[in-house]
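Below is one structure; the comments refer to it alone.
2 protein chains.
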Amino acid sequence: MGAETGDSPRRPTIYDLAQIAGTSPSAVSAVLNGTWKKRRISEKLARRISQIAEEQGYAVNLQASMLRRERSKVVGMIVPKYDNRYFGAIAERFETMARARGLFPVITCTRRDPELEFEAARELVSFQAECLISTGTTDPDRISDFCAAAGVRTINLDLPGTRAPSVVSDNFGGARDLTRLILERMRSEFGAADPLLFVGGRAADNNTSERLRGFLEAHREMGLACPPELRIVAGYAPGKTEAALERIALPERLGIFVNSTISLEGVVHWMKRGDRAAPRLLRFGCFDWDPFAALLPENVGMTEQDVDGMLDVVFGMIEAWPESPRRIEVPCILRPIPAPAAPAQAQPG
Amino acid sequence: MGAETGDSPRRPTIYDLAQIAGTSPSAVSAVLNGTWKKRRISEKLARRISQIAEEQGYAVNLQASMLRRERSKVVGMIVPKYDNRYFGAIAERFETMARARGLFPVITCTRRDPELEFEAARELVSFQAECLISTGTTDPDRISDFCAAAGVRTINLDLPGTRAPSVVSDNFGGARDLTRLILERMRSEFGAADPLLFVGGRAADNNTSERLRGFLEAHREMGLACPPELRIVAGYAPGKTEAALERIALPERLGIFVNSTISLEGVVHWMKRGDRAAPRLLRFGCFDWDPFAALLPENVGMTEQDVDGMLDVVFGMIEAWPESPRRIEVPCILRPIPAPAAPAQAQPG
DNA sequence: CAATAATGCTCCATCGATTGAGCAAACTTG
DNA sequence: CAAGTTTGCTCAATCGATGGAGCATTATTG
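Here the protein sequences come in this chain order: A and B. Residues in the first sequence are numbered consecutively from 1, following my numbering. Residues in the second sequence are numbered consecutively from 1001, following my numbering.
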């Protein structure tokens, strides 16, 4: 605490502390960065220096320190958005885990802008990041190549890249299980299961195509054909999703597989508008979890991506770098939502 | 592009580029940081150096650069969580605005841990941050004092501090307007308005006490008494909120003022549990906005805090530092949610 | 008590970029 | 064409922390 008030025009350096303590900058440095035992500084001097540092409100100049050190301990991350439960959770967990390992997390949010993504990667390289985790970037390989040339390791999270190890959700399995759940609930609640509508995502997006594959697999298992006109893959944005829903003719009884909470915003907005003929019997499930979306009455289940599990794998890779670019799939967590207690409906048994 | 593959053990420096270009490191530096015109480097040499830098995949060492420069252009921010629409939006907007101004945003998430908050502040000071925005911290004044001693300016966002300028929502006005809305909707939908239940927040928290003041003011305006047992101020956490709701006796007809989306998670979880006697006629409003919470049928309105407006003020302060620690209130945006089209109810007129 | 070892420090080169000062060559002016 | 100016560049000190090398003291050993 303490610290001289007002009259200190610049922050104290180890040279200032050395002068006050009547010792050398090396000794101060050694004490403050914890190497003083190795450098045979007496405990007495160490204590005195520490106290003076405290009094003067000293904080190391990380620029100078990092410039000199061989390791920066900086780990960078690029996320497309913060304003979203999934990426928010990723960013938060990444910071916590990095800190727990004595690393220095630096996160940048690039709003799915390819140029900004690349600039952010360059910036993190300039920061001497030891490795860079890129999440949901539009062109992961370009970033991997640039980083590789600069000697910075990259890991792709939540998207597969060919130039770097990737940690992704088991999109196929997660989507298959969610599709099964929706179909079963259609059957148990409405008496029959028709093919579902798939909504949201981009065709070029690997996550979307894997989820579509799982979606189709579940239909096949149940002997259901799945016509292509029931797949709306025109982007994640809520507005696009809503517009696409308006354009197609919908049956009286409908189940929807929603590809992300972002698209779900469009779906529910469409649902709540009373001005058009919507299906009377509607259920949906969504790939991604959100606490409030989980409470919407038509929602039968959400697929939570295992953020902690994925980041465990990521940090495993940071610590023990894999020989070859591997791709690791982490299972998703299916969160079924029980049907609301039906007030006037007989239960069998 | 380009860049030698594989065989480059370390990143090129300006010395390497100078050697390749057959010129001096000063010239390279001037060209790459844009001061070459001022330093009278010919355009021809500038172009050659730029091209070599590109070919070599050069990226400036920010540690070295920042160490030497007088200004770091780093602006730091501390947020309690990313995993939340409100703080997520703040972080995202802060990054975007900082970048647009040529500043270097560094954001840290401290999960409402006072020690971590202080460590993060120290870390940002060590990063030579020129100023530090602290959002939702538990002890803003401690951080302000530490930063002041280090010559780093601080701004409190979303919470008032006594030691630094503060930018806060108009919690009083926002809460008063939201309370009015809930009371009006109770009257129009249920025929009468009783005093509301206030749920969530901490008594020591300035935001909570201001919102309570607005809540009481709206009741007073409408001639309603507001008994203290209808105020549950036992923390934001969903679990605590839910537990508190279970303990009290509730009327048949109830309106709730929920103090944040975090507490709202507890409220809706309690609402959806069918195993206890809940009010039959229930409406709530919530201070904070969330797209899915906005769709819950009992929700009559949400108070969106004007993130863009607050950050405009923050960056105004960063650019033109106010003489004395001022406190600026930014109005909230009330987002009423229309009542669902009542299927069997006559409209007057 | 001399030789050796251990202790407790300090000296100084270094990391990479920046920038004030300065210098040579080319150009302008009277 | 001498004196002054402009152009185009290089030199070298500097930012603050780090850590290998080295140098006095003090303790230990034969």
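For each residue, glycine too, the CB sits at the ideal point set by N, CA and C. Just so we're clear, the structure is a prediction, and the values are computed from it rather than from any experiment.
Pick from Asp1290/B, Gly1301/B, Leu1250/B and Tyr1086/B: whose alpha carbon is nearest that of Met1271/B? Translated into the one-based positions of the second sequence, residue 1271/B becomes position 271. Answer by Cα proximity: Leu1250/B.
Pairwise C-alpha distance: Val1028/B and Arg1011/B: Taking the first residue of the second sequence as 1, we reach residue 1011/B at position 11. Taking the first residue of the second sequence as 1, we reach residue 1028/B at position 28. So the two alpha carbons sit approximately 15 Å from each other.
On the DSSP bridge list, what partners appear for Ser324/A? The sequence position of residue 324/A within the first sequence is 324, counting from 1. Ser324/A is not bridged to any residue.
Per DSSP, Gly1301/B forms a beta bridge with which residues? One-based indexing of the second sequence puts residue 1301/B at position 301. Its beta-bridge partners are Gly1285/B and Pro1336/B.
Below 9 Å between beta carbons is the criterion; list the residues of the stretch 1277-1304 of chain B that meet it against any residue of chain A, in chain order. Asp1290, Pro1291, Phe1292, Ala1293, Ala1294, Leu1295, Leu1296 and Pro1297
Rounded separation between Ala42/A and Ala18/A - CA only: Taking the first sequence and counting its residues from 1, one reaches residue 42/A at position 42. Taking the first sequence and counting its residues from 1, one reaches residue 18/A at position 18. According to the sequence provided, residue 42/A is Ser. The question's Ala does not apply to it. Approximately 15 Å, taken between the alpha carbons.
Using the Cβ count rule (16 or more neighbours within 10 Å means buried), how would you classify Gly6/A? In the first sequence, the residue the question calls residue 6/A occupies position 6. Caution applies to Gly6/A, whose pLDDT of 39 falls short of 50 and renders its modelled position unreliable; the value that the coordinates give is listed next. Exposed, by the Cβ-count rule.
If I measure Cβ to Cβ from Asp141/A and keep anything under 7 Å in the same chain, skipping five residues before and after, which residues do I get? Position 141 of the first sequence holds residue 141/A. Cβ neighbours of Asp141/A beyond the five flanking positions: Gly161, Thr162 and Arg163.
Determine whether the Cβ of Val81/A lies closer than 8 Å to any Cβ atom of chain B. Along the first sequence, one-based indexing puts residue 81/A at 81. In the sequence under discussion, the amino acid at residue 81/A is Lys, which differs from the Val named in the question. It does; some Cβ of chain B falls within 8 Å.
Met1066/B, DSSP secondary structure in three states: By one-based count along the second sequence, residue 1066/B stands at place 66. Residue state, collapsed to three classes: helix.
Is the Cβ-Cβ distance between Leu183/A and Thr154/A less than 8 Å? Along the first sequence, read from residue 1 onward, the residue named residue 183/A stands at position 183. Along the first sequence, read from residue 1 onward, the residue named residue 154/A stands at position 154. Their beta carbons are not under 8 Å apart, which means Leu183/A does not touch Thr154/A by this criterion.
Straight-line Cα distance separating Ala1175/B from Arg1283/B: The count along the second sequence starts at 1 and reaches residue 1283/B at position 283. The count along the second sequence starts at 1 and reaches residue 1175/B at position 175. Approximately 16 Å between the Cα atoms of the pair.
Pick helix, strand or coil for Ser1166/B, following the three-state DSSP scheme. Walking along the second sequence from the start, residue 1166/B turns up at place 166. It is a strand residue.
Counting C-beta neighbours from all protein chains within 10 Å, is the total for Ala346/A 16 or more, i.e. buried, or is it exposed? Working through the first sequence from its first residue, we reach residue 346/A at position 346. Confidence in Ala346/A is poor, its pLDDT being 39 and thus under 50, which makes the residue's placement too unreliable to answer from.
Could you name the residues of the same chain whose beta carbon sits closer than 6 Å to that of Cys1109/B, not counting the 5 residues immediately before and after it, in chain order? The residue given as residue 1109/B occupies position 109 in the second sequence. Once the five neighbours on either side are set aside, the close Cβ partners of Cys1109/B are Val1079 and Tyr1082.
Contact list for Arg112/A against chain B, beta-carbon separation under 7 Å: As a position in the first sequence, residue 112/A is number 112, starting the count at 1. The premise fails here: Arg112/A is roughly 12 Å from chain B at the closest Cβ pair, so nothing lies under 7 Å.
Compare the C-beta of Gln345/A with all C-beta atoms of chain B and state if any pair is closer than 8 Å. Working through the first sequence from its first residue, we reach residue 345/A at position 345. Residue confidence for Gln345/A is low, a pLDDT of 41 falling below 50, so the modelled location carries little weight and cannot support an answer.
Helix or strand or just coil, what does DSSP make of Ser134/A? Here residue 134/A corresponds to residue number 134 of the first sequence, with the count starting at 1. DSSP places Ser134/A in strand when its eight states are reduced to three.
Going residue by residue through the stretch 1033-1111 of chain B, where are the continuous beta strand (DSSP E) segments of at least 3 residues, counting only ones entirely within it? 1074-1079 and 1104-1109
Phe257/A: first and last residue of the uninterrupted beta strand (DSSP E) it sits in: By 1-based counting over the first sequence, the position of residue 257/A is 257. Unbroken beta strand (DSSP E) run through Phe257/A: Arg253 to Val258.
Bridge partners - Leu157/A, DSSP secondary structure assignment: Against the first sequence, residue 157/A aligns to sequence position 157. According to DSSP, which records beta bridges pairwise, Leu157/A is partnered with Thr135/A and Val167/A.
Quick one: Cα of Met66/A to Cα of Leu1197/B, how far? Here residue 66/A refers to the residue found at position 66 of the first sequence. Here residue 1197/B refers to the residue found at position 197 of the second sequence. Each residue's alpha carbon lies about 54 Å from the other.
Judging by CA-CA distance, which residue of Phe1287/B, Ile1318/B, Leu1181/B and Glu1210/B is the nearest neighbour of Asp1306/B? Start at 1 with the first residue of the second sequence, and residue 1306/B comes out as number 306. Answer by Cα proximity: Phe1287/B.
What's the C-alpha gap between Met317/A and Val75/A? Indexing the first sequence from 1 puts residue 317/A at position 317. Indexing the first sequence from 1 puts residue 75/A at position 75. Distance between the alpha carbons of Met317/A and Val75/A is about 12 Å.
Contacts around Phe215/A, its chain only, beta-carbon distance under 6 Å, and the 5 residues preceding and following it disregarded: For the purposes of this step, residue 215/A is taken as the residue at position 215 of the first sequence. Here Phe215/A has Ala175, Thr179, Phe198 and Phe257 as same chain residues with Cβ atoms under 6 Å from its own Cβ, once five neighbours each way along the sequence are excluded.
What are the partner residues of Val1125/B, as DSSP defines its beta bridges? Taking the second sequence and counting its residues from 1, the one referred to as residue 1125/B is at position 125. None, per the DSSP bridge assignment.
Run of the beta strand (DSSP E) containing Phe1198/B, from where it starts to where it stops: Taking the second sequence and counting its residues from 1, the one referred to as residue 1198/B is at position 198. Segment Leu1197 to Val1199, the beta strand (DSSP E) holding Phe1198/B.
For the stretch 114-121 of chain A against the stretch 134-149 of chain A, do three or more pairs of beta-carbon atoms, one drawn from each stretch, fall closer than 8 Å, so that the two count as touching? yes
What number of angstroms, rounded off, separates the C-alpha of Gly1151/B from the C-alpha of Val125/A? The residue given as residue 1151/B occupies position 151 in the second sequence. The residue given as residue 125/A occupies position 125 in the first sequence. If you take the alpha carbons of Gly1151/B and Val125/A, they lie about 28 Å apart.
Got a sec? Which residues, its chain only, sit under 6 Å from Tyr1351/B by beta carbon, not counting five neighbours each side? Residue 1351/B cannot be examined here, being either before or after the span of chain B that is shown, 1001 to 1349.
Start and end of the alpha helix (DSSP H) containing Cys147/A? In the first sequence, counting from the first residue as 1, residue 147/A sits at position 147. Unbroken alpha helix (DSSP H) run through Cys147/A: Pro140 to Ala149.
8 Å Cβ cutoff met for Val268/A and Leu181/A: Sequence index remark: in the first sequence, residue 268/A carries index 268 (1-based). Sequence index remark: in the first sequence, residue 181/A carries index 181 (1-based). No, the pair does not count as a contact, with Cβ atoms beyond the cut-off.
Under three-state DSSP, which class holds Asp7/A? As a first step, residue 7/A must be located in the first sequence, where it is residue number 7. For Asp7/A, the pLDDT reaches just 42, beneath the cut-off of 50, and the residue's location in the model is therefore unreliable, although a value from the coordinates is still provided. Of the three classes helix, strand and coil, the one that applies to Asp7/A here is coil, per DSSP.
Label Glu1054/B either buried or exposed according to how many other C-beta atoms from any shown protein chain fall within 10 Å of its C-beta, with 16 as the threshold for buried. As a first step, residue 1054/B must be located in the second sequence, where it is residue number 54. Classification of Glu1054/B: exposed, given that the 10 Å Cβ count is below 16.
What's the gap between the Cα of Ser1072/B and the Cα of Ser1169/B? Residue numbering aside, residue 1072/B sits at position 72 when the second sequence is read from its first letter. Residue numbering aside, residue 1169/B sits at position 169 when the second sequence is read from its first letter. Going from the Cα of Ser1072/B to the Cα of Ser1169/B covers about 30 Å.
Give, in chain order, every residue of the stretch 117-144 of chain A whose Cβ lies closer than 7 Å to some Cβ of chain B. Arg122, Val125, Ser126, Phe127 and Gln128
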